[in-house]
Structures are given as C-alpha cells and as structure tokens.
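This report refers to the structure that appears directly beneath it.
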Ligand SMILES: [Fe+2]
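Residue numbers (full-length UniProt numbering): 1 to 462.
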C-alpha cells in the first residue's frame, strides 16, 4: 500500500463481489426518493509481481454498480474482461504496453506496438446497451445487471479493431440522439469523426479533416452546434516507437501557440473555427447559445503534467486545473475568457435537464484546502453571481466526480450529488450522498472493498 494519503487507494482489487450492504455500514439515512443504480468505472488492477503500471490511467478497468432501492443497497464490482486483461491474467504478467508508458514485462517483441485496451474511462447506456469505454479502442458490451462482459462492440462490423471511440458520448437533448466521436490523430492532419449511435448501429456519421495533431477527450452540445477544442499540442512519435515512452508522454504543449474551438453545425456540418487560448481542456461542463454567442464552461490545464504522473510516486499537480468561461462570438469569430475562482476544480456537472441550455449552477470536485493532496470538497458555483457553496470532507478524505441525480426537472437545485470518496486515514471507500441545494452530506454508504480512484460514471433511474 502506498504511503501517500491520496494514492493509498491505488491497490489491486482482487475480488469480484455481489452483496447487500448491511445497514450498519450506512451512516445517516438514504433518501426514500433516491432509487436507481450508480455505475462507476476506473482502473483497478495495476500489474503483477510488483511490476506495476507507469501511470494509473493504464490500469485495467473495473465497473462498480451500487443499486439503491427502498433505502436498501446492493453492491457489485466486476472487471471488464478485455482481451488484454484475460491474456495477462492467464500469464500473470504484462503482455502489452500502456498508453501512459507502462511496459511489457515479457521480453518478446509480440504486441510491442499494440496498446492494451484497458476499457477503464467511462461507462454509458446506448439506449439499453451498457458499454464500457476507452478512447483509443473499441467499447465493450456489458450486462447491465450482472456487469459480465458480453463482447467487444463494433456495431455490426461498422467499426474495425483499430478504430478509436470516444469515452465521452452525450445525449443531445435537442434531437434526442446519442452522439459520440472518434479522433484519429496524425502529424500533419487529423480526422474527427462524428457519430450518431443507437443500441446496435452507427446510424449516421461524417468525418472532418483538421490541420495538425488532435487530442480531444470531450465535446459540448448546444442547440445548433457540436463544439470541440483542438488544443495547441504536438506529438513526437520517436520515444514511443523505440519503446522509451508511452504515447501519452510524447504529447507536448506548444508554448507559443493557441488552440482552436471547432464548431460543427449539426444540420449543414459546416465548420466555424474560433481561436482559443494556450491551454488544454479535458472536460467541458456545459454550453449554451444566446443570439450569436456561445457560452461554454470548461476546465483548463496550463500544462500536461497529469499525463506524466508516476504511479509509484504520484505528486499533486503543480498547476491547478481551472474552471473558466469562454464566450465564442460566431459572427466576429472572437473568444473572451473569464475565471470563476482560483481553486483547482474538475469533473463539473449540471442538472441534466439544463444540459445544452442556460444554467445557473455548476457542481464540481474542488481542492480548497492547501493541506490536502487532491479534491477535498464538492463546490457549487452560481455562475451568474459567482457565489460559491462548498460541502467539505474530513482531512484526508478525497472525492471523485460528482454525479447529479435530479429530484425535480423544473428546479435546477433539486437533487442529490453522489460521489465516491477515499478515506485515506482509515483506508476505506464510501459513497457520499449530498443534498445539492443545502450542500450537506446526508448519508454515507461504506463499501465492502477498497475502490481505487475512479474516472467517470452515471446514475440510472428506475
Ligand atoms: Fe473524461
């Protein structure tokens, strides 16, 4: 077990469980109107025989489902049984390289340039089909109840084994479609492919050529546009080809350049390009259009140190990810930026009914205590008054992505925030349920196993 309080959560999970959580492990009262399933995913196996991954993003994906019904809780966890996971489990050694520099521990050249699809980043319902996602490979289809892996998903052979598939699909509330993308980066030119998907098929798709290297993790939707951000980065493939570095570590920020917002008109597919700034974006929070302006809230990184975080000694980030608002004027093709607060923040969310529309509130994971290593509170920001309200956690309790569960579709504040927490003092994982309006924790559910820090997830109502 690692000594660092935040990173002590990074332990190999060795069990797959299905069990009721006993009432003695529920502190506080589960709200009677909270019924559904929380799905979460993240890396949870980090290597064999002390030969561990180079970066936690290279760990094998594990899904957790926490089913809440009538104040009772049922817990499940299962690894995504990817090809690489099964092969390595059989051999008890690493047979593939990871995107973030993890090395093969067998000495053969087999798979030397093949990256392991760890399927560890996000999980999403494509209509009734549950898929686990990793952006440099195909999704895996999971049974929504048992979490068993059923197959790799290629949408009736519409995708090839080498195709990419984003980890951030979105439901477009304006046309009731599920939209996702893939990006094929190239040195001179990159290809961005937009796809509309149902359970079994890619119903519609089109590709756009973009000049230069493209690494895009997320996008935003407004009434008329899909919005992407092409950050000012470059890629040097040589250290990867000769086996010195992972793909992720060969990406560098171009210090003197600025990025570009790429707005794709949903009807005409016409592109409008608007200059951005010198930073990188992993996640957008929300965007909406008013007249000729698009208002987009995103989390900006001034460098890419997160891609080089070492698994054996992960240090807190020196440069904080910052929530900023950018206003894009479609006519003048100009952008203006504004900061919200100076605390580090990530994983922003809004009431789902306000997605793509004018919202007033954002909830995020926030670091507001300089003695803590990573996010230690859930912050709500009123984005018209800039007023903040924090729900703070105890010392050495580290939180993950907040998930908003709506209680009332017409009241933006009416809901619960769910977040997974690592108690680095007592070495336990728990689910925290927070009243989104009062910003007070109302219940915690102690989980039966240690859950390493996860990445994304969602709430599915009954
Ligand atoms: Fe993400």
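Ideal placement from N, C-alpha and C gives every residue a C-beta, glycine not left out. Computed from a prediction, not measured in an experiment: that's the story for all the values here.
Backbone CA spacing between residue 376 and residue 382 [nearest angstrom]: Along the chain shown, one-based indexing puts residue 376 at 376. Along the chain shown, one-based indexing puts residue 382 at 382. Their backbone Cα atoms lie some 19 Å apart in a straight line.
Secondary structure of residue 18, DSSP reduced to three states: Working through the chain shown from its first residue, we reach residue 18 at position 18. Residue 18 falls in the strand class under three-state DSSP.
Outcome for residue 176 when other beta-carbon atoms lying within 10 angstroms are tallied against a minimum of 16: As a first step, residue 176 is located in the chain shown; it is residue number 176 there, counting from the start. So residue 176 counts as exposed.
When you compare only the Cα positions, how much space is there between residue 303 and residue 253? Residue numbering aside, residue 303 sits at position 303 when the chain shown is read from its first letter. Residue numbering aside, residue 253 sits at position 253 when the chain shown is read from its first letter. Their backbone Cα atoms lie some 7 Å apart in a straight line.
Spatial distance of residue 1 from residue 7 (CA atoms): The count along the chain shown starts at 1 and reaches residue 1 at position 1. The count along the chain shown starts at 1 and reaches residue 7 at position 7. Low per-residue confidence applies at residue 1: pLDDT is 46, beneath 50, and the placement is therefore not dependable, though the value from the model is reported in the following sentence. The straight-line gap from Cα to Cα measures roughly 9 Å.
The stretch 385-392 touching the stretch 437-450, judged by at least three CB pairs closer than 8 Å: yes
Touch test, the stretch 93-110 against the stretch 60-78, Cβ-Cβ under 8 Å, three pairs minimum: no
CB-CB under 8 Å to residue 257, same chain, minus the five flanking residues each way: which ones, in chain order? Numbered from its first residue, the chain shown carries residue 257 at position 257. Contacts found: 232, 278.
Considering only residues of the same chain and omitting the five flanking positions on each side of residue 149, which have a CB-CB separation below 7 Å? Start at 1 with the first residue of the chain shown, and residue 149 comes out as number 149. So the qualifying residues of the chain are 80, 81, 140, 142.
What is the DSSP secondary structure of residue 365, counted as helix, strand or coil? Position 365 of the chain shown holds residue 365. Correct three-state label for residue 365: strand.
Among 374, 426, 305, 214, nearest to residue 184 - alpha-carbon criterion: As a first step, residue 184 must be located in the chain shown, where it is residue number 184. For residue 184, the nearest C-alpha among the options comes from 214.
Beta-carbon proximity of residue 347 to residue 401, cut-off 7 Å: On the chain shown, residue 347 is found 347 positions in, with the first residue counted as 1. On the chain shown, residue 401 is found 401 positions in, with the first residue counted as 1. Yes. Within cutoff.
Taking C-alpha atoms, which residue in 122, 188, 319 lies nearest to residue 459? Locating residue 459 in the chain shown gives position 459, counting from the first residue. The shortest Cα separation from residue 459 among 122, 188, 319 belongs to 122.
Pull up the CB-CB distance for residue 339 and residue 324, whole angstroms please, since I reckon it's below 8 Å. Position 339 of the chain shown holds residue 339. Position 324 of the chain shown holds residue 324. Indeed, because the Cβ distance is near 6 Å, the residues count as touching under 8 Å.
Rank 210, 291, 229 by C-alpha distance to the C-alpha of residue 219 and give the top, closest one. As a working mapping, residue 219 is identified with position 219 in the chain shown. The shortest Cα separation from residue 219 among 210, 291, 229 belongs to 229.
Report all residues from its chain with a CB closer than 7 Å to the CB of residue 374; omit the five preceding and five following residues, and keep chain order. Within the chain shown, numbered from 1, the residue matching residue 374 stands at position 374. Excluding positions up to five away in sequence, the list reads 6, 316, 367, 398.
Tell me whether residue 209 sits in a helix, a strand or coil according to DSSP, three-state version. Against the chain shown, residue 209 aligns to sequence position 209. The answer is strand: DSSP assigns residue 209 an E or B state.
Residue 94 to residue 106 span [Cα, whole Å]: By 1-based counting over the chain shown, the position of residue 94 is 94. By 1-based counting over the chain shown, the position of residue 106 is 106. Each residue's Cα considered, the two are about 7 Å apart.
Since residue 159 and residue 138 should fall inside the 8 Å C-beta cutoff, what is the C-beta to C-beta distance between them, to a whole number of angstroms? Your numbering for residue 159 matches position 159 in the chain shown. Your numbering for residue 138 matches position 138 in the chain shown. Rounded, the Cβ-Cβ distance is 6 Å, consistent with contact.
Ranges of the alpha helix (DSSP H) found wholly within the stretch 237-321, counting only runs of at least 4: 238-241
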